[in-house]
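Asks:
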Amino acid sequence: MNNRQQLTPLFTRLKEHAARNPLQFHIPGHKKGQGMDPEFRDFMGERALSIDLINIAPLDDLHHPHGPIQEAQKLAAEAFGADHTFFSVQGTSGAIMTMVLSVCSPGDKIIVPRNVHKSVLTAIILAGGHPVFVHPVMDEQLGIAHGVTVQDVERTLRTHPDAKAVLLINPTYYGIAGNLAEIVETVHRWNIPVLVDEAHGVHTHFHERLPLSAMQAGADMAATSMHKLGGSLTQSSILNIRSQRVNPRRVQSIISMLTTTSTSYLLLASLDAARRHLATRGKEMLDRTLSLAALARERINAIPGLNCVGREILGSDAVYDLDETKLTIHLKGLGINGYDAEKWLRSRWNIEVELSDLYNILCIITPGDTPETIDTLVRALAELSREYYTAGRRNRISIRLPDIPELVLSPRDAFYAKTTTVPFDESAGRIIAEFIMIYPPGIPVLLPGERITRTNINYIREHMRVGLPVQGPEDPEIRMIRVIDE
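Under numbering that gives the first Met the number 0, residue 485 is the last one in the sequence shown; the count climbs by one each step, no gaps.
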């Protein structure tokens with residue numbers, strides 16, 4: 000380990016500044032908590048509020064870093080094996096948007112999985128780009144989407160050799176990683192950059208039993224959620240880049256355009272400290288975390304009606320590796336859906352899970368867990384089983400992937416076009432101006448600029464009838480839909 004990784008230049012500078020206790024005649028107006036609601040101040044603590052500061056000269060400026068922020072970002076780049084690292088106080092969504100806008104200009108094609116985060120689509124609208132979609136591999140048993148295959152990426156590149164970049168999700172929310180290194184190698188033969196939504200994989204870089212990180216796999220850019228699993232405060236994130244195919248100065252310019260000028264030094268300091276913690280103690284912490292996750296998985300799999308997914312599902316380049324700290328708990332055998340299980344755990348055991356879908360709940364094990372937290376989860380799930388398990392009972396709703404519709408207008412043109420509303424059931428042939436997504440599998444059925452087909456309408460209605468949540472449209476019942484006024 001590099002001894003420099005013990006340093007926290009920004010966090011240390013903030014503590015030193017607070018210790019000097021300067022008389023403040025600048026914002027924030029609460030001035031170390033003295034000018035705010037006393038109950039909130041007491042709850043938050045005066046030490047935290049003393050470093051809720053702004054970009055005064057001694058503390059550097061995220062938009063033009065040259066002091067402790069610059070040093071903190073350099074240390075992060077060293078820790079993650081990147082050429083440059085940029086701190087984000089706009090969350091990973093801001094980092095993802097920076098990636099897309101850094102490589103995509105009006106009219107440019109960018110290859111993306113169909114199940115991308117909405118920030119990718121937002122950035123494509125802002126850039127005026129044309130998305131070229133690749134379907135992820137669908138797991139019909141679990142009802143979730145995995146990664147994309149090397150073959151599908153290569154086939155799409157051959158069909159669209161003028162694409163400017165490929166964006167991938169690795170790992171997925173459920174901890175599934177594709178064969179990222181081979182996909183990166185394939186894309187680089189076209190000499191275009193690989194962008195990675197690494198929102199759920201910050202920790203993978205720090206343990207050999209976890210999937211390869213984006214930087215380890217040779218990707219060019221990775222938006223990485225330090226706050227999700229790396230120990231920083233919510234909304235803080237990092238953007239790692241390699242500079243062979245990406246211009247770091249342009250990245251700095253774009254992330255600055257997307258970033259508030261009132262940057263939170265609490266968030267920035269938490270990134271600095273979290274990086275130190277991962278770089279110096281990550282392997283040790285993750286050893287314990289993986290052991291706890293293995294114990295939880297073994298005990299859950301002994302409960303009637305439950306299946307906690309493990310490495311047995313691996314076997315293709317779309318399902319190539321697994322982050323074992325993610326516990327995908329499959330509920331088909333109980334005959335209940337994940338949404339009901341989530342509510343039951345909340346009301347009966349005061350347990351909050353990461354997410355639920357039709358077939359599963361997802362629980363995330365982190366360095367913040369202990370044998371006691373694992374035991375409580377297992378006992379709760381055992382009670383859930385006793386209440387709902389009946390041999391032979393199954394949830395039998397099937398999840399299918401919709402066809403990818405024809406993209407008639409770019410998402411940007413559709414977003415800014417004159418629109419009108421029409422009855423959804425009569426909208427076949429019209430160009431949609433809003434999003435429609437169904438969970439699971441969380442893949443958009445329709446995006447702005449795509450032509451609605453009767454198949455799309457039937458698919459959505461069929462899934463609504465069995466109670467699957469639909470997100471996106473202004474009208475939640477989807478009686479009416481917004482389309483381009485032609």
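Glycine residues also receive a C-beta, built at the ideal position from the N, C-alpha and C atoms.
Since this is a predicted model, take the numbers as computed values, not measurements.
Is DSSP giving I168 helix, strand or coil here?
Replies: Three-state DSSP puts I168 in a strand.
Asks: Helix, strand or coil: how does DSSP classify N457 here?
Replies: Helix, per DSSP.
Asks: Taking A222 as part of the beta strand (DSSP E), name the residues at either end of that continuous run.
Replies: Element bounds for A222: M220 to T223.
Asks: Report yes if the C-beta distance between I451 and P404 is below 9 Å; otherwise report no.
Replies: Cβ atoms of I451 and P404: closer than 9 Å.
Asks: Can you tell me where the alpha helix (DSSP H) holding E45 begins and where it ends?
Replies: First-last of the alpha helix (DSSP H) with E45: E45 to S49.
Asks: By Cβ distance, which residues of its chain are closer than 8 Å to S315, with the 5 residues on each side in sequence left out?
Replies: So the qualifying residues of the chain are V136 and T148.
Asks: Express the C-alpha separation of E433 and L141 in angstroms, rounding to a whole number.
Replies: Distance between the alpha carbons of L141 and E433 is about 28 Å.
Asks: Does V520 pass the burial test, meaning 16 or more other C-beta atoms within 10 Å, or should it be called exposed?
Replies: No answer is possible for residue 520: it lies beyond the span of the chain, which begins at 0 and ends at 485.
Asks: Can we count A71 as close to the ligand NAP, meaning its CB is less than 8 Å from some heavy atom?
Replies: The ligand NAP is not part of the structure shown, which contains no ligands of any sort.
Asks: E181 to P210, Cα distance in whole Å?
Replies: One C-alpha to the other measures close to 13 Å.
Asks: Sorted by chain position, which residues of the same chain lie with C-beta nearer than 6 Å to L100's C-beta, five sequence neighbours on each side aside?
Replies: Contacts found: A122, A126 and I253.
Asks: Does any CB atom of chain B fall closer than 9 Å to the CB of A71?
Replies: Any reference to chain B falls outside this structure, which holds one protein chain only.
Asks: Measuring alpha carbon to alpha carbon, tell me which of L194, E449 and V469 ends up nearest I109.
Replies: For the residues L194, E449 and V469, the minimum Cα distance to I109 belongs to L194.
Asks: Check each candidate in L74, S212, N306 and M225 and name the one with the smallest Cα separation from N359.
Replies: Answer by Cα proximity: N306.
Asks: Go ahead and label H65 buried or exposed: buried means 16 or more other beta carbons lie within 10 angstroms of its beta carbon, across all protein chains shown.
Replies: The residue is exposed, with fewer than 16 neighbouring Cβ atoms inside 10 Å.
Asks: Check whether the Cβ atoms of A340 and L383 lie closer than 9 Å to each other.
Replies: Yes.
Asks: Quick check on DSSP: helix, strand or coil for Q215?
Replies: In the structure shown, Q215 sits in coil (DSSP, three-state: anything other than H, G, I, E or B).
Asks: From the DSSP output, in three-state form, read off R385 for me.
Replies: In this structure, R385 counts as helix in the three-state DSSP scheme.
Asks: Please list the segments of the beta strand (DSSP E) lying wholly inside the segment 142 to 189, counting only runs of 3 or more residues, in order along the chain.
Replies: The qualifying runs are 164 to 168.
Asks: Buried or exposed: which applies to F24, given that a residue is buried once 16 or more other Cβ atoms fall within 10 Å of its Cβ?
Replies: Counting Cβ neighbours within 10 Å, F24 comes out exposed, since fewer than 16 surround it.
Asks: Can the beta-carbon of I53 be found closer than 9 Å to that of Y388?
Replies: No, they are not a contact pair.
Asks: So if DSSP puts T327 in a beta bridge, which residue, or which two residues, is it bridged to?
Replies: Answer by DSSP bridge pairing, in chain order: L361.
Asks: Enumerated in chain order, which unbroken segments of the alpha helix (DSSP H) with a length of 4 residues or greater are wholly contained in the segment 233 to 308?
Replies: If we require 4 residues or more, the alpha helix (DSSP H) runs fully inside the segment 233 to 308 come out as 247 to 256 and 264 to 299.
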